[in-house]
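Structure, as structure tokens:
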Amino acid sequence: MRSFFDRFPSAGYVCAHRGARSIAPENTHMALDIARQCGADLWEIDVQLSADGELIVFHDGTLERTTDIATHPKFSERHPWKLTEFTYDELKKLDAGSWFLNSDPFGTITSGEVLADDFSLIKRQKIPLLHNVLSECRQYDFPVNIEIKDQTGTPADERIVRQVVHLIEATETVHLVLLSSFNHRYLRQVKQIDPTLKTAALVEKKHPEDLQNYLAELGVAAYHPDSQITDSQLIRQVTSSGVRVNLWTVNDLIKAQYFMAAGATFICTDWPQRMVGFGHSA
Ligand code: G3P
Ligand code: MG
99 MRSFFDRFPS
109 AGYVCAHRGA
119 RSIAPENTHM
129 ALDIARQCGA
139 DLWEIDVQLS
149 ADGELIVFHD
159 GTLERTTDIA
169 THPKFSERHP
179 WKLTEFTYDE
189 LKKLDAGSWF
199 LNSDPFGTIT
209 SGEVLADDFS
219 LIKRQKIPLL
229 HNVLSECRQY
239 DFPVNIEIKD
249 QTGTPADERI
259 VRQVVHLIEA
269 TETVHLVLLS
279 SFNHRYLRQV
289 KQIDPTLKTA
299 ALVEKKHPED
309 LQNYLAELGV
319 AAYHPDSQIT
329 DSQLIRQVTS
339 SGVRVNLWTV
349 NDLIKAQYFM
359 AAGATFICTD
369 WPQRMVGFGH
379 SA
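With the sequence shown counted from 1, adding 98 to any position gets you our numbering.
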């Protein structure tokens, strides 16, 4: 039976962070489709639970930055618009694309890298369901790194891991998914529910003490530290123990090549359209 890393036998693959988020609204079907079409090797997406228990692809804890929630008078009382307090029926009505045209977060509207012909498609983007993204993975045999956002302190905390695992099993995408989280308790839960699923430990500010033993005890297949706290020595040390190292968020081509040469299996980038061709596929 195929396993996630079978399709990544060497170092140097390109992961589209929240899709091709420099040229399309992040975590939307459009950003994912563009990333795949431009040659990215996999996607990274963020997952949370809606108030009515649907698995939603969305990064922030609140809806303000990447939707038009602030323009809906009927939702004005519910500021600061926490995603976990909205049902999927409410979320699916929101425009998850126009903010990208209005705020031009990567300067690609101004530069012309986003074609005017695509503006109407951008405006039609909605918040995706994880179910639909996994169906797309299955359809295109395309792998995905699903980051389970930390839901500590919300009712979702108890349920999110079980639901994600069950959905992956139901859509027959176990071999296409790498599950990661900053909440390492979630990674232990994943392994308890389905030991065949591959997991990755996300770390931001500081490497855990006694790193190799820590990762072995967690049972993860991969380590995902912030690239800013990582160098080639760390990558070699971890990979020599049989654990993959994948880095985020790497937007500089020279740095990407440095990490790939040191043995990083993939780098997560906001600019997959610029990175493909310089990594494994070069
Ligand atoms: O999975 C890597 C990266 O996505 C973690 O940070 O905040 O972009 O989800 P963030
Ligand atoms: Mg993420």
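Ideal placement from N, C-alpha and C gives every residue a C-beta, glycine not left out.
Query                                                                                                         : Result
C366 CB to nearest heavy atom of ligand 1 below 6 Å                                                           : yes
beta-carbon E245 near ligand 2 non-hydrogen atom, thresh 6 Å                                                  : yes
Other residues of its chain near R119: CB distance less than 6 Å, five sequence neighbours each side excluded : A129 and D368
Euclidean distance between Cα positions of P253 and E188                                                      : 18 Å
D144 CB to nearest heavy atom of ligand 2 below 6 Å                                                           : yes
Collapsed DSSP secondary structure at F364 in the structure displayed                                         : strand
At least 3 beta-carbon pairs within less than 8 Å: the segment 202-210 vs the segment 136-150                 : no
Cα-Cα separation, W141 to G375                                                                                : 16 Å
As assigned by DSSP and simplified to three states, the class of K172                                         : helix
Contact set for S330: own chain, Cβ-Cβ below 6 Å, skip 5 residues either direction                            : A360
Same chain, Cβ closer than 7 Å to I258, five either side skipped, listed in chain order                       : L147, I246 and Q249
CA-to-CA distance, N230 to G195, given in whole angstroms                                                     : 18 Å
Entirely enclosed beta strand (DSSP E) segments - the segment 112-171, minimum 3 residues                     : 140-147 and 153-155
Whole-Å CB distance - D193 paired with T165, under 8 Å assumed                                                : 6 Å
Cβ-based burial, Y238 [other Cβ within 10 Å; buried from 16]                                                  : exposed
Which of helix, strand or coil DSSP assigns to I291                                                           : helix
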